[in-house]
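Okay, so the sequence shown: first residue is 71 according to this note's numbering, each after it adds one.
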Amino acid sequence: MATTQAQAALGLLGHSGRTEQMNGLPDDLAPATREAVARPGLWRAERHELAESQRSWSPDALRLEPSSRPVAVLTAGETVRSDPMHTGLQEELALLSKVSRHDVVEDAGHETLVLDERHAGRVVQAADWVRARATATDAPQDPYRNDEVSRPS
């Protein structure tokens with residue numbers, strides 16, 4: 071995030087490839103999204119939010135009893151390779167529920183996971199998995215299903 075904030079502040083974000091990830095958006099949304107992403111303040115706020123969550127929420131999360139509310143967490147493979155801290159946060163999120171899964175979409179980038187239609191099937195499968203468990207029905211067969219998230223003893 072610090073690098074992205076600096077690129078935005080220097081007007082270099084357009085050369086980073088990050089704004090190209092918005093190309094999958096509908097034509098009427100792409101320009102406004104690119105403009106918002108290019109604002110350094112957005113990235114500064116993201117950094118502060120992440121730092122605050124680490125100070126105030128993350129340590130307490132380990133003391134919570136896991137919920138029985140189903141949670142599916144999807145992480146982009148690009149993010150796993152480039153940002154281990156973010157991956158750890160995603161794993162913590164999955165651990166907040168006794169009924170959870172954490173899947174990595176190997177060929178997705180952080181933005182493209184939700185912006186690129188190639189990954190829509192994975193997002194829908196995760197949502198279907200949650201809905202099936204929330205309504206106490208059998209989950210549909212999922213070829214991408216990972217094992218349940220392991221829990222520390």
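Glycine residues also receive a C-beta, built at the ideal position from the N, C-alpha and C atoms.
When A142, T182, A164, S167 are compared against A100, the one with the closest alpha-carbon = For this step, residue 100 is matched to residue 30 along the sequence shown. Of A142, T182, A164, S167, the residue nearest in Cα terms is T182.
Just how far apart, CA to CA, sit P140 and L185?
-> The count along the sequence shown starts at 1 and reaches residue 140 at position 70. The count along the sequence shown starts at 1 and reaches residue 185 at position 115. Their Cα atoms are separated by approximately 24 Å.
Is it the case that the Cβ atoms of A36 and V143 are separated by a distance below 8 Å?
-> It is not possible to answer for residue 36, since the shown part of the chain is limited to 71 through 223.
Bridge partners of D173, per DSSP?
-> The residue given as residue 173 occupies position 103 in the sequence shown. In the DSSP output, where bridge partners are listed per residue, D173 has L144.
Of the residues G147, G111, A178, S137, the one placed nearest S170, counting alpha carbons only = Here residue 170 refers to the residue found at position 100 when the sequence shown is read from its first residue. Relative to S170, the option among G147, G111, A178, S137 whose CA is nearest is S137.
How close, in whole Å, do the beta carbons of A178 and A146 come, if the pair is a contact with beta carbons under 8 Å?
-> Along the sequence shown, read from residue 1 onward, the residue named residue 178 stands at position 108. Along the sequence shown, read from residue 1 onward, the residue named residue 146 stands at position 76. Yes, they are in contact, since the Cβ atoms of A178 and A146 sit about 4 Å apart, within 8 Å.
Report the option in Q160, R192, D198 whose CA atom is closest to the CA atom of V175.
-> Reading the sequence shown from its first residue, position 105 is the one you call residue 175. Ranked by Cα distance from V175, the options Q160, R192, D198 are led by R192.
In angstroms with no decimal places, state the Cα-to-Cα distance between W113 and A106.
-> For the purposes of this step, residue 113 is taken as the residue at position 43 of the sequence shown. For the purposes of this step, residue 106 is taken as the residue at position 36 of the sequence shown. Note on geometry: alpha-carbon atoms of W113 and A106 lie some 10 Å from one another.
Got a sec? Which residues, its chain only, sit under 6 Å from V150 by beta carbon, not counting five neighbours each side?
-> Taking the first residue of the sequence shown as position 1, residue 150 is located at position 80. Closer than 6 Å at Cβ, skipping near neighbours: T157, V174.
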